[in-house]
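Below: one structure, written as structure tokens.
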Amino acid sequence: MLALLLLAALVLLTLDFREGDEGALSDAQRAVSATFAPVQDALATAIAPVGAFFTSIGELGSLREQNEALESELQALREQQVMLADLAQENERLRDLVGMRERLGLTTSAAQVIAQPPGAFRWTALIDIGADQGVAENMAVINADGLVGKVVGVSSTYARVQLAASPNAGYSVRVDDTGQHGLLSGRGGNPMQLRVISDPEEEVPEGARVVTRAFEGTAIPDGIPVGVVAEASPGQLESAQFLAVRPFVDFLRLDLVLVLIDAPEAPLDDGPGEENQPGEENLPGGGGLPGEEGDGGEQGSGA
Amino acid sequence: MIARAGFLVLVLVTAVLLETVVFAGLAIAGHAPAVVALTVVAVALADGSEAGARYGFVAGLAVDLIAGGLLGLNAIVLVLVGWAAGASRTYLTGPPVLAQVLVGGAACAAAVAAHGLLAFLLDPDSVTATGMLRSVLATGLYSAAVAPFVVRPVVAGLRRLTPAAAGRRSLK
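Structure below.
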């Protein structure tokens with residue numbers, strides 16, 4: 000029996016070896032294989048999760064290392080994401096600033112607000128550029144939203160800006176829609192006050208845009224957005240001459256600003272310009288600017 | 000007889016599927032247990048050398064037809080495995096499980112070695128000495144571990160289906 004079986008197997012082996020891939024035996028092999036293949040395929044699909052489970056057991060060591068490496072990478076990516084979000088916001092702010100500069104068509108110098116002192120100096124801000132970067136007193140300071148204020152003190156590397164909301168500040172402005180001009184005064188945290196000087200009897204619509212008005216000798220160019228006419232504040236003298244103006248600029252969240260370096264002098268004008276409010280000639284000293292030399296104190300900002 | 004033949008066909012088909020699909024996915028260092036060879040050992044341990052050789056021939060042909068390769072190669076190997084496993088029955092003492100593990104592991108290792116030798120004779124470039132040695136050891140050990148789970152149920156099934164056993168049941 001053993002010999003017979005071995006002989007039969009040997010005959011088949013010899014025939015298949017000699018015929019190669021073209022013989023009847025090879026055809027039979029292909030037919031059986033093709034018939035059985037779907038069964039193997041179905042079983043392989045059914046047990047794939049089980050196989051994966053056992054495979055993963057063997058890979059536990061490397062999986063742990065991979066996991067730790069991926070966790071570190073994820074943490075780094077999260078930090079990068081936060082940084083990118085900050086960069087995107089800064090990019091947007093800078094684009095807005097560039098847009099404002101292009102609209103004005105003036106030479107500007109960008110600066111970062113580095114300090115807004117509390118107390119009596121609340122309505123001033125310190126910026127990180129000074130005389131070395133071409134900054135001088137009375138230069139206008141703006142941001143993407145509009146007028147921030149003007150430079151009232153300069154050292155070589157820093158400058159102090161009196162904010163437009165300061166009770167000591169006043170600017171010549173005009174109502175963009177009607178052309179009426181007047182004097183705008185800061186009132187600290189309250190809306191600014193606009194005293195309409197030309198055509199005071201003409202109604203100024205609520206929501207009318209207020210912009211700066213160039214005045215002879217001033218370095219504040221025409222057309223810088225300041226705010227919108229709001230309702231008159233309760234308690235004020237209700238007169239067509241006095242209007243509340245809500246500023247565009249958020250003076251409590253100042254970040255990047257532009258100093259207008261080469262604003263041209265305004266042409267002759269017979270209207271009132273910026274006025275020094277009482278006490279404006281001598282701003283409270285308190286130490287002056289970092290690195291400031293000379294007469295030891297901020298000069299009052301004049302027209 | 001028919002039931003026994005049907006049982007062996009079922010065992011063979013299951014063994015081929017287990018070896019080519021299931022244990023292919025559970026390979027250790029690229030080696031899977033020789034489940035078909037273990038069924039040959041089981042038939043040989045249950046019914047002797049001749050039955051083991053006959054079943055080995057059919058099983059070898061089935062593997063050659065399904066898995067490809069030279070027709071008759073696995074048939075030669077498994078005929079010899081079946082005959083040798085059946086011949087070892089008289090020398091086996093001790094717990095059956097131990098016999099199954101030892102004979103199963105040795106038979107599968109011998110099957111891989113014989114297959115490798117024949118393949119070398121037919122095509123010397125297809126086999127390397129170190130590769131064959133690694134396969135013999137890995138397959139032998141893996142098969143020995145799996146042997147009790149294959150040999151035992153096949154032996155038990157065959158014993159239940161032998162004519163003597165059937166006769167005893169009919170007399171009850």
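Protein chains in written order, with numbering that gives the first Met the number 0: chain A, 0 to 302; chain B, 0 to 171.
Ideal Cβ positions, reconstructed from N, Cα and C, are used throughout, including at glycine.
Every value quoted in this text rests on a predicted model; they were computed, and no experiment measured them.
Quiz item: Counting Cβ pairs closer than 8 Å, one from the stretch 122-130 of chain A and one from the stretch 159-170 of chain A, do we hit at least three?
Solution: yes
Quiz item: chain B beta carbons: is any one of them nearer than 8 Å to that of Leu-1(A)?
Solution: yes
Quiz prompt | Test: Leu-44(B) CB closer than 8 Å to a CB of chain A | solution = no
Quiz prompt | Beta-carbon separation (whole angstroms), Val-174(A) vs Val-258(A), contact threshold 8 Å | solution = Not quite, the Cβ-Cβ distance comes to about 26 Å (not below 8 Å), so this is no contact.
Quiz item: Which of the three DSSP states, helix, strand or coil, is assigned to Asn-137(A)?
Solution: coil
Quiz item: What's the gap between the Cα of Leu-79(B) and the Cα of Ala-58(B)?
Solution: 12 Å
Quiz item: Would you say Thr-19(B) faces chain A, with C-beta separation under 8 Å as the test?
Solution: yes
Self-check item: Endpoints, the beta strand (DSSP E) within which Gly-152(A) is located
Solution: 146-153
Quiz item: Can you find a CB in chain A that lies within less than 8 Å of the CB of Val-149(B)?
Solution: no
Quiz prompt | 8 Å contact criterion, which Ile-56(A) and Gly-24(B) should meet: CB distance rounded | solution = Wrong, their Cβ atoms sit about 13 Å apart, outside the cutoff.
Practice problem: Could you have a look at Met-99(A) and say whether DSSP puts it in helix, strand or coil? | Solution: helix
Practice problem: Starting from the C-beta of Val-62(B), find all residues in its chain whose C-beta is less than 7 Å away, skip the five residues before and the five after it, and write them out in chain order. | Solution: Val-15, Val-35 and Asn-73
Quiz item: Apart from the five residues on each side of it in sequence, which residues of its chain come closer than 7 Å, Cβ to Cβ, to Glu-64(A)?
Solution: none
Exercise. Could you name the residues that DSSP lists as bridge partners for Phe-52(A)?
Key: Its beta-bridge partners do not exist; DSSP assigns none.
Exercise. Work out the CA separation of Ala-43(A) and Ala-66(B) for me, nearest whole Å.
Key: 15 Å
Self-check item: Inter-residue Cα distance where the pair is Leu-69(A) and Leu-76(A)
Solution: 10 Å
Self-check item: Among Ile-260(A), Asp-15(A), Ala-2(A) and Ala-7(A), the one whose alpha carbon lies nearest that of Met-138(A)
Solution: Ile-260(A)
Quiz prompt | Whole-number beta carbon distance between Ala-110(B) and Leu-77(B), since they are thought to touch under 8 Å | solution = 7 Å
Quiz item: Buried or exposed: where does Met-82(A) fall if 16 or more other Cβ atoms within 10 Å of its Cβ makes it buried?
Solution: exposed
Quiz item: Near Ile-27(B), which residues of its chain fall below 8 Å by C-beta distance, leaving aside the five closest residues on each side in sequence?
Solution: Ala-137 and Tyr-141
Quiz item: Among the residues of its own chain, which have a CB less than 6 Å from the CB of Gly-55(B), if the five just before and after it don't count?
Solution: Val-39, Leu-77, Val-78, Val-80 and Gly-81
Quiz item: Quick one: Cα of Asp-46(B) to Cα of Val-8(B), how far?
Solution: 16 Å
Exercise. Run down chain B in chain order and give the residues with a C-beta less than 8 Å from the C-beta of Ile-46(A).
Key: Val-20, Val-21 and Gly-24
Quiz item: Is the beta carbon of Leu-70(B) sitting closer than 8 Å to the one on Gln-28(A)?
Solution: yes
Practice problem: Determine the chain B residues that contact Ser-32(A) at a beta-carbon separation under 9 Å, and present them in chain order. | Solution: Leu-64, Ile-65, Ala-66 and Gly-67
Quiz item: Three-state secondary structure (DSSP) at Ile-126(A)?
Solution: strand
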